[in-house]
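A.B. asks: Following this note's numbering, the numbering of the sequence shown begins with 556 at its first residue and continues without gaps. We put the beta carbon where it would ideally sit given N, CA and C, even for glycine. This structure is a prediction, so every number in the text was calculated from the model and none was measured. Dropping the structure in here first, questions after.
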Amino acid sequence: MSASSSPQRILIVDDHPDNTESLSLVFSCDDRVVEIVTSGQAAVARALMWQPHLIVLDLGLPDVPGEAVVTALRAAGSPSYIVAYSGYHRREADARAAGCDAFVLKPNVVMLLDRGGRRPEGNGMTDDGCPFDEELLVIRDRVLGTLLRSRLQIERSYEQVAAARRLPALAARRRRMTRATIAHPHLRLVPSHGRGV
Numbered sequence: 556m557s558a559s560s561s562p563q564r565i566l567i568v569d570d571h572p573d574n575t576e577s578l579s580l581v582f583s584c585d586d587r588v589v590e591i592v593t594s595g596q597a598a599v600a601r602a603l604m605w606q607p608h609l610i611v612l613d614l615g616l617p618d619v620p621g622e623a624v625v626t627a628l629r630a631a632g633s634p635s636y637i638v639a640y641s642g643y644h645r646r647e648a649d650a651r652a653a654g655c656d657a658f659v660l661k662p663n664v665v666m667l668l669d670r671g672g673r674r675p676e677g678n679g680m681t682d683d684g685c686p687f688d689e690e691l692l693v694i695r696d697r698v699l700g701t702l703l704r705s706r707l708q709i710e711r712s713y714e715q716v717a718a719a720r721r722l723p724a725l726a727a728r729r730r731r732m733t734r735a736t737i738a739h740p741h742l743r744l745v746p747s748h749g750r751g752v
């Protein structure tokens, strides 16, 4: 995006506070304005008035289905690039039929950044001919790197916990074997009643 162009407008439509907060953090930066709405009716009203470049739309809204929001926006001629963001993969066909440009299964933020970066009025073209926002793809790569580092740290932590849990288990097993050896008449290592083993 050139310095002279207006800030990109991103509308996040989701009724879950954790989702809206995390998505707002991911998409916010110097040249983007992010707004949040929590219902389908508010989404239609705000999108038609504000004309965002990108709409990230949860399909499971409290008042109307997300597909109805998309249908209303497309019927009103909204040019926004709309990415359906849902926890239910079975809703993809309906979302695309309603007019969504892309579908991303929650909680795949990396894929959301990838699909959100492929929007109209971008500053480049992808290999499949879709316009894209290069900065969103850079953010996607940073998030992906962070997720990979986090996964490695989690795996190391699991390994450390497993090793810590194995040590007492091994010690307990050794104690049980020692007790069993001492208690078993054929495996005694010390003389019993004056006779050797």
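Among residues of its own chain, excluding the 5 on either side of residue 571, which ones have a beta-carbon nearer than 7 Å to its beta-carbon?
C.D. replies: Contacts found: none.
A.B. asks: CB-CB under 6 Å to residue 656, same chain, minus the five flanking residues each way: which ones, in chain order?
C.D. replies: 636, 637, listed in sequence order.
A.B. asks: By the DSSP assignment, the beta strand (DSSP E) with residue 577 in it spans what residues?
C.D. replies: Element bounds for residue 577: not the beta strand (DSSP E) but the alpha helix (DSSP H), 572 to 582.
A.B. asks: Taking the C-alpha atoms as reference points, what is the distance between residue 583 and residue 716?
C.D. replies: Cα to Cα, residue 583 sits roughly 37 Å from residue 716.
A.B. asks: Between which residues of its own chain and residue 682 is the CB-CB distance below 6 Å, once the five residues before and five after are set aside?
C.D. replies: Per-residue confidence for residue 682 stands at a pLDDT of 40, beneath the threshold of 50, marking its modelled position as unreliable; the derived number appears in the next sentence. Closer than 6 Å at Cβ, skipping near neighbours: no residue.
A.B. asks: So the alpha helix (DSSP H) residue 599 belongs to, where does it begin and stop?
C.D. replies: Looking at the DSSP string, the run of the alpha helix (DSSP H) that includes residue 599 is 595 to 605.
A.B. asks: Roughly how many angstroms lie between the CA atoms of residue 633 and residue 615, to the nearest whole one?
C.D. replies: Computed Cα separation, rounded: 21 Å.
A.B. asks: Does the separation of the CB atoms of residue 594 and residue 617 fall below 8 Å?
C.D. replies: Closer than 8 Å, so yes.
A.B. asks: Measure the C-alpha to C-alpha separation of residue 599 and residue 724 and round it to an integer number of angstroms.
C.D. replies: When rounded, the distance between both Cα atoms is 59 Å.
A.B. asks: Determine the DSSP secondary structure at residue 631, reduced to helix, strand or coil.
C.D. replies: Residue 631 falls in the coil class under three-state DSSP.
A.B. asks: Whole angstroms is fine: what's the gap from residue 662's alpha carbon to residue 719's?
C.D. replies: When rounded, the distance between both Cα atoms is 32 Å.
A.B. asks: Mapping the DSSP letters down to three states, classify residue 641 as helix, strand or coil.
C.D. replies: Three-state result, residue 641: strand.
A.B. asks: So, residue 603 versus residue 631, is the Cβ gap smaller than 8 Å?
C.D. replies: Closer than 8 Å, so yes.
A.B. asks: Does residue 561 pass the burial test, meaning 16 or more other C-beta atoms within 10 Å, or should it be called exposed?
C.D. replies: Exposed is the call here.
A.B. asks: Should residue 563 be labelled buried (16 or more other beta-carbon atoms within 10 Å of its own) or exposed?
C.D. replies: Buried, because 16 or more other Cβ atoms sit within 10 Å of the Cβ of residue 563.
A.B. asks: Measure the C-alpha to C-alpha separation of residue 658 and residue 709 and round it to an integer number of angstroms.
C.D. replies: Between residue 658 and residue 709, the C-alpha separation is close to 29 Å.
A.B. asks: By a C-beta neighbour count over all protein chains shown, 10 Å radius and 16 as the cutoff for buried, is residue 711 buried or exposed?
C.D. replies: It counts as exposed.
A.B. asks: Quick check on residue 619: does DSSP put it in helix, strand or coil?
C.D. replies: In this structure, residue 619 counts as coil in the three-state DSSP scheme.
A.B. asks: Which first and last residues belong to the beta strand (DSSP E) in which residue 586 is found?
C.D. replies: Looking at the DSSP string, residue 586 is not in any beta strand (DSSP E), and its letter there is neither H nor E.
A.B. asks: Starting from residue 613 and walking both ways along the beta strand (DSSP E), at which residues does that stretch end?
C.D. replies: Note, residue 613: beta strand (DSSP E), 609 to 613.
A.B. asks: Quick one: is residue 648 buried, meaning 16 or more other Cβ sit within 10 Å of its Cβ, or exposed?
C.D. replies: Residue 648 comes out exposed.
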